[in-house]
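Counting in the numbering used here, the sequence shown runs from 2 upward without gaps. Even glycine gets a Cβ: it sits at the ideal position worked out from N, Cα and C. Just so we're clear, the structure is a prediction, and the values are computed from it rather than from any experiment. Note sheet for the following structure.
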Amino acid sequence: MKGKKLSSEDLKLWDKVTGSTKPLDKKKPVVHDTPPKKNNLRSVIKPQRVSPKIKTLSQSANEPFQKKVILENSQKVKMDMKAFTKLKKGKLEPEDTLDLHGMTLETAFPALSSFISRAHSTQKRLVLVITGKGKNTDPGYAVPQRNGVLRSQVPIWLKEPRLSSLVLQIERAHHRHGGLGAFYIYLRRNRAN
2 MKGKKLSSED LKLWDKVTGS TKPLDKKKPV VHDTPPKKNN LRSVIKPQRV
52 SPKIKTLSQS ANEPFQKKVI LENSQKVKMD MKAFTKLKKG KLEPEDTLDL
102 HGMTLETAFP ALSSFISRAH STQKRLVLVI TGKGKNTDPG YAVPQRNGVL
152 RSQVPIWLKE PRLSSLVLQI ERAHHRHGGL GAFYIYLRRN RAN
């Protein structure tokens, strides 16, 4: 703090501090506390045996890498793996889209059923069904509210015998196609034509 002059109180305090201090002796070495001996550490940390069932990092690193795809609800990949990877990354464009926003369960099921049947008969392979995420509920309710009725119901409908014979794969959509509020429906090949 150059340029600022000390007040008379500060000068008195400084004289008091400098008057009570002793300069260090430059010839005396500084002595630090001694570190604990190794024997003390052994008594504190007891060695434990590792179970042979637990793999170490070096053991798991030497094992061959296996590509595993984990799906929601343990659903297996039924479609071509290359196409599935593109699908999950949002790189496949749906050939048709059905928007179920604002529909009730009574109107949504017939609309979905006819949409899937029509898409299959016109040789389409990938369609998008938009359900919406559902309404957010107040977390203050004593009983949890179910939200996203269509979102939870559409996969169940698609697994019914009439529609499951047309559907090969059901997957959550990539965020650019609707994310949690939409499904990709990969249809089986239409062998009739």
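In this chain, the alpha helix (DSSP H) harbouring Glu107 covers 106 to 122.
Only residues of its own chain outside the window of five on either side were considered, and among them Leu169, Gln170, Tyr187 have a CB closer than 7 angstroms to the CB of Met80, listed in chain order. For Trp158, the CB contacts under 8 angstroms within the same chain, skipping 5 residues up- and downstream, are Phe110, Leu113, Ser114, Leu164 in chain order. The beta-carbon distance between Ala120 and Asp97, rounded to whole angstroms, is 5 angstroms. This is short enough to meet the 8 angstroms contact definition. Pairing Gly149 with Thr132 gives a Cβ-Cβ distance under 9 angstroms.
Sequence-distant Cβ neighbours of His178 in its own chain, meaning closer than 8 angstroms and more than five residues away, are Gly91, Pro95, Leu129, Tyr185. The three-state secondary structure of Thr19, taken from DSSP, is helix.
Rounded to the nearest angstrom, the Cβ distance from Lys77 to His175 is 20 angstroms, too far for a contact under 8 angstroms.
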